[in-house]
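Below is one structure, written out as structure tokens, with a few remarks after it.
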Amino acid sequence: MRTGANILWFVLGGWAMALMWWAAAVLMAISIIGLPWTRACWEIGLLSLAPFGREVISHAELTGQESGGLAAVRLIANILWLPLGLVLAIVHLVHAVAMFITIIGIPFGLQDLKLAALSLAPVGKRVVTVELADAARAAGAQGQLDRIRQR
17 MRTGANILWF VLGGWAMALM WWAAAVLMAI SIIGLPWTRA CWEIGLLSLA
67 PFGREVISHA ELTGQESGGL AAVRLIANIL WLPLGLVLAI VHLVHAVAMF
117 ITIIGIPFGL QDLKLAALSL APVGKRVVTV ELADAARAAG AQGQLDRIRQ
167 R
């Protein structure tokens with residue numbers, strides 16, 4: 017099912033979304049000061065190529081460790097990213113509206129909305145399989161439950 021949905025997504029414009037993100041990655045890499053955003057753009061480009069079966073999760077959720085002082089750095093990085101992120105989000109929103117026109121396009125429009133939200137603050141996020149994201153969240157919930165029970 018995921019493979020079929022990803023193939024259809026690719027045909028319906030996923031390739032263009034991926035190229036847009038990879039162009040942003042190249043711009044970030046060329047600018048030198050944009051290097052921290054290069055990896056995020058590349059990963060999101062891969063997600064844009066085949067979004068079904070993959071999910072975005074915060075680095076802290078994935079590793080189970082809060083990064084402490086890096087939260088402020090991530091916030092600043094995401095604020096600096098916002099002008100380009102808004103442009104990318106608008107492109108995803110326009111594509112989502114086009115997808116929502118038909119009933120068959122609704123799942124594709126939802127993927128575009130996921131990508132639009134990610135466009136606004138990509139730093140500190142990782143793209144993983146749905147299964148890995150579920151496992152990381154379950155492990156985090158189990159850790160919280162263990163701490164509560166120890167009180």
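Note that our numbering has the sequence shown beginning at 17, numbered continuously upward. C-beta atoms are modelled at their ideal positions from N, C-alpha and C, and glycine is treated no differently. Just so it is clear, the structure is predicted and the values come from calculations on it, not from any experiment.
Asked, Found
"Would you give the residue range spanned by the beta strand (DSSP E) that SER74 belongs to?", "70-74"
"Hey, GLY101 and LEU148: beta-carbon distance below 9 Å or not?", "no"
"Rounding to the nearest angstrom, what Cα-Cα distance links GLU64 and ALA105 in this structure?", "One point to set straight first is that residue 64 is Ser, not Glu, in the sequence displayed. The alpha-carbon atoms of SER64 and ALA105 are separated by roughly 12 Å."
"With DSSP collapsed to three states, give me the class of ARG167.", "coil"
"Would you mind stating whether LEU109 and ALA132 have Cβ atoms separated by less than 9 Å?", "yes"
"Helix, strand or coil: how does DSSP classify VAL144 here?", "strand"
"Once DSSP output is grouped into helix, strand and coil, what is the label at GLU59?", "helix"
"To which residues of the same chain is GLU71 closer than 6 Å at the C-beta, ignoring the five residues directly before and after it?", "VAL146 and ALA149"
"In chain order, what residues of the same chain lie with their CB nearer than 8 Å to the CB of ILE122, ignoring the 5 residues before and after it?", "MET115 and PHE116"
"Do the CB positions of VAL107 and MET44 come within less than 9 Å of each other?", "no"
"What do you get for GLY61, buried or exposed, if any count of 16 or more other CB atoms within 10 angstroms of its CB means buried?", "buried"
"MET44 lies in the alpha helix (DSSP H); which residues open and close that run?", "31-46"
"Count the other C-beta atoms from every protein chain shown that fall within 10 angstroms of the C-beta of ASP128, then say buried if there are 16 or more, exposed otherwise.", "buried"
"According to the Cβ coordinates, are PRO67 and ASN22 closer than 9 Å?", "yes"
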